[in-house]
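Visitor: Residue numbers (the working numbering): 36 to 198. My questions will all concern the structure given below.
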């Protein structure tokens, strides 16, 4: 079994599934797809060159953050340890699945926007996921949970600011 750390950019292909294990730990898993494209220099067009599918497994605080923030179809960036899992299917054919034990998962902010709710802010207010929480500006450090949003990004350009 080969193990390496990698970052994969793609989309979630199923709604994340949370399970409680017999030892009390929680595991949240989802499948993601990463599409590779390359530039065909002879035509000048982008060409699809395959799709990588993998199972992403989340543990500890990552379970709550991903469960509250990400859904099927969301663009994500996942970082973690890759493992190749070999097994025999019900049809008797040997199969191989790529799995990631995620260290970090978040929305791909190049393809969506997100509102950040810090763990420390939730502890201070006693708030739970799903409620609107205002986070003070300038609180640069801390643990974050991002919720994907379709709201337009705020601008800091003066020519776009309301007078």
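C-beta: ideal position from N, C-alpha, C; glycine also.
1. Residue range of the alpha helix (DSSP H) that residue 56 falls in?
2. So, is residue 121 buried or exposed, given that buried needs 16 or more other C-beta atoms within 10 angstroms?
3. Mind checking which residues open and close the alpha helix (DSSP H) that includes residue 100?
4. CB-CB under 6 Å to residue 123, same chain, minus the five flanking residues each way: which ones, in chain order?
5. Which value, in whole angstroms, describes the spacing of the CA atoms of residue 86 and residue 51?
6. Entirely within the stretch 63-129 and at least 4 residues each: give me those alpha helix (DSSP H) ranges in chain order.
7. Is it the case that the stretch 88-107 contacts the stretch 131-139, given that we only count it when at least three CB pairs across the two stretches are under 8 Å?
8. Do residue 46 and residue 68 have their CB atoms nearer than 8 Å?
9. Are there 16 or more other CB atoms within 10 angstroms of the CB of residue 141, so buried, or fewer, so exposed?
10. Taking the C-alpha atoms as reference points, what is the distance between residue 89 and residue 43?
11. Per DSSP, what are the beta-bridge partners of residue 132 in this structure?
12. I need the straight-line Cα distance from residue 154 to residue 82, nearest angstrom please.
13. Where does the unbroken beta strand (DSSP E) through residue 45 begin, and where does it stop?
14. Please report how far the alpha carbon of residue 65 lies from the alpha carbon of residue 75, in whole angstroms.
Guide: Checking against the coordinates, here is how it stands:
1. As a position in the chain shown, residue 56 is number 21, starting the count at 1. For residue 56, there is no enclosing alpha helix (DSSP H), as DSSP marks it with neither H nor E.
2. Mapped onto the chain shown, residue 121 falls at position 86. Here residue 121 is exposed. Its C-beta has fewer than 16 other C-beta atoms within 10 Å.
3. Residue 100 sits at position 65 when you count from the first residue of the chain shown. Taken as a continuous stretch (DSSP letters only), the alpha helix (DSSP H) holding residue 100 covers 96-104.
4. If you number the chain shown from 1, residue 123 lands on position 88. Same-chain partners within the cutoff: 129.
5. Along the chain shown, read from residue 1 onward, the residue named residue 86 stands at position 51. Along the chain shown, read from residue 1 onward, the residue named residue 51 stands at position 16. Taking the Cα positions, residue 86 is about 20 Å away from residue 51.
6. Here the runs fully enclosed are 96-104.
7. In short, these stretches touch, since the Cβ pair count reaches three.
8. Within the chain shown, the letter at position 11 stands for residue 46. Within the chain shown, the letter at position 33 stands for residue 68. Going by C-beta atoms, residue 46 is nearer than 8 Å to residue 68.
9. As a first step, residue 141 is located in the chain shown; it is residue number 106 there, counting from the start. Using a 10 angstroms sphere on the CB of residue 141, the tally of other CB atoms reaches 16 or more, which defines it as buried.
10. By 1-based counting over the chain shown, the position of residue 89 is 54. By 1-based counting over the chain shown, the position of residue 43 is 8. Spanning the two alpha carbons is a distance of roughly 9 Å.
11. Counting from one through the chain shown, the residue named residue 132 turns up at place 97. In DSSP, residue 132 forms a bridge with 120.
12. In the chain shown, counting from the first residue as 1, residue 154 sits at position 119. In the chain shown, counting from the first residue as 1, residue 82 sits at position 47. Spanning the two alpha carbons is a distance of roughly 41 Å.
13. To locate residue 45, count along the chain shown from 1; it is residue 10. Its beta strand (DSSP E) spans residues 38-47.
14. Here residue 65 corresponds to residue number 30 of the chain shown, with the count starting at 1. Here residue 75 corresponds to residue number 40 of the chain shown, with the count starting at 1. Annotation: residue 65 to residue 75 spans about 32 Å, alpha carbon to alpha carbon.
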